[in-house]
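Novice: Structure provided below as structure tokens; questions to follow.
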Amino acid sequence: MKNKKFLLFILAFAINGCSTAYLAQIEKSRNDYNESLANSEDSQFLMNIVRVHYGYSPYFVGVDSVTSQSSLKTGIDNNETRLFQSPSTTAGGTPFWSVAPIAAYTISPVVTYSPVQGSKFVSALLSPIDMKKLFLLERSLGISTVLRLTIDQVGVLDNASNIRNTKTSKLPDYQEFNTFAKTLETLVDNDDVNIEMTNYDDKPAMLLYMNNDSAATKVATLLHLKRPYKTILFTMFVLKHDNDKENIIRIQTRSYFNILQFLSKGVEASESDNQKYGVKTRFTNQNGGVSNLHDITNGLIDIHVSNSEPSEALLKIKYQSKWYYVANDDEYSKSTMVFLRLVYSLLIGEYQPNVPVLTIPVK
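Heads up: the sequence shown at position 309 corresponds to 914 in the numbering used here, and the numbers run straight through without jumps.
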């Protein structure tokens, strides 16, 4: 009888101990949530770039809620052992049982997704980026990358704005625009040019202030101005051909949908796949030669295509029986994916629905 009471005492002590000591060791962090949701968001951006490349419309779902399901499983592992002997054992000894408590505590995130839709969302998707948001992006990511991704035209410089027109056969000279963007970034980095936010006719505008004559000359030459200026204004609210002040220059920004269209040229699809889906990839350039549209995204994004699942990929999705991915060592594409997330949050992130349609446990 005493032995039975002793055994029950040991069992109660062991189970009670495991329910407190083991739970105290559980690491409480949001790493799993963070990583799962971030990868899901970035994969959605990649999926939509690929969809747009093949002529399909983008589609977005947003996280409506994140909850967690927790469970605690306890038990006892009773292994036969001869390390302990019962008080009434003989010299040979009879087996006793050691008690090994078992506790398993799991937290399973559950994510509820909803379609992002409605007139406000579509309006945000198609509206050109305003100057204030453009300025915020420039401060965060660098002027060259931001200009190449968000601008269609600056004055007479065109950034391949007509690639959205499926009927056109000629490609504007985007290289001149790229040269301007890269040179301006160098001048800003060297403190030869300052970029500030200002107003023009009570409308947001971006001010370029030249700190020396050399910078003023370089910028004027690249923009095809008649002479250098100490200050230059970029604004969306001046007509291209009705402005008598040469240093007040019209700038045309892109919408988020236009940005996806531009980046979709960075998909390295095979010629047979492009022909299958009616994707036009070659245009006549200004010199009469042929340019591959993939070239316009050089240094911005490079989306590879594979028949098998890639092993070294930052992001990967399966679409139409093929794998599309961004390489893990591609710093340019990584930066562009960060840009897409920031712009999405700035332009459309606030338009979230309230009707859940899909609930997925995160593994």
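For every residue, glycine included, the Cβ atom is placed at its ideal position computed from N, Cα and C. Keep in mind that this is a model prediction, so the values were computed, not measured.
Less than 8 Å between the beta carbons of V716 and V666, yes or no?
Specialist: The criterion of a C-beta distance shorter than 8 Å is not satisfied by V716 and V666.
Novice: Taking the beta carbon of Y664 as the centre, do at least 16 other beta carbons fall within 10 Å, making it buried, or is it exposed?
Specialist: Exposed, by the Cβ-count rule.
Novice: Under a three-way DSSP split, which group does L844 fall into?
Specialist: coil
Novice: Can you give, in chain order, each stretch of the alpha helix (DSSP H) that sits fully within the region 789-830 and has at least 4 residues?
Specialist: You should have 818-827.
Novice: Tell me which residues share the same chain as E781 and place their Cβ nearer than 7 Å to its Cβ, disregarding the 5 neighbours each side in the sequence.
Specialist: L762
Novice: K775 bridges to which residues according to DSSP?
Specialist: T889
Novice: Per DSSP, which residues does L905 bridge with? Please list them.
Specialist: As far as DSSP is concerned, L905 takes part in no beta bridge.
Novice: Is it buried or exposed, N933, if we count other Cβ atoms within 10 angstroms and call 16 or more buried?
Specialist: exposed
Novice: What three-state label does DSSP hand F665 in the structure shown?
Specialist: coil
Novice: Less than 8 Å between the beta carbons of S749 and E790, yes or no?
Specialist: Yes, the pair counts as a contact, with Cβ atoms nearer than the cut-off.
Novice: DSSP on K870, reduced to helix/strand/coil?
Specialist: helix
Novice: So, under 8 Å CB-CB, L947 and L742 are touching, yes? Tell me the CB distance rounded to an integer number of Å.
Specialist: Contact check for L947 and L742: beta-carbon distance about 7 Å, within the 8 Å limit, so the pair qualifies.
Novice: Grab me the residues of L731's own chain with a C-beta within less than 6 Å of its C-beta, minus the 5 sequence neighbours each way, in chain order.
Specialist: S860, F862
Novice: For I953 and K939, what's the separation of their Cα atoms in angstroms?
Specialist: For I953 and K939, the distance between alpha carbons rounds to 21 Å.
Novice: For V895, does the count of other Cβ atoms within 10 angstroms reach 16, so buried, or fall short, so exposed?
Specialist: Burial call: exposed.
Novice: So what's Q758 in DSSP terms, helix, strand or just coil?
Specialist: strand
Novice: Measuring only the C-alpha atoms, how far is G883 from F867?
Specialist: Taking the straight line from one Cα to the other gives about 17 Å.
Novice: Check the C-beta distance from L828 over to G760 and give it rounded, since I have them as a contact under 8 Å.
Specialist: 5 Å
Novice: Starting from Y924, follow its DSSP beta bridges and name the residues at the other end.
Specialist: K927
Novice: Below 6 Å CB to CB, which residues in the same chain sit around L945 once its five sequence neighbours on both sides are set aside?
Specialist: F650
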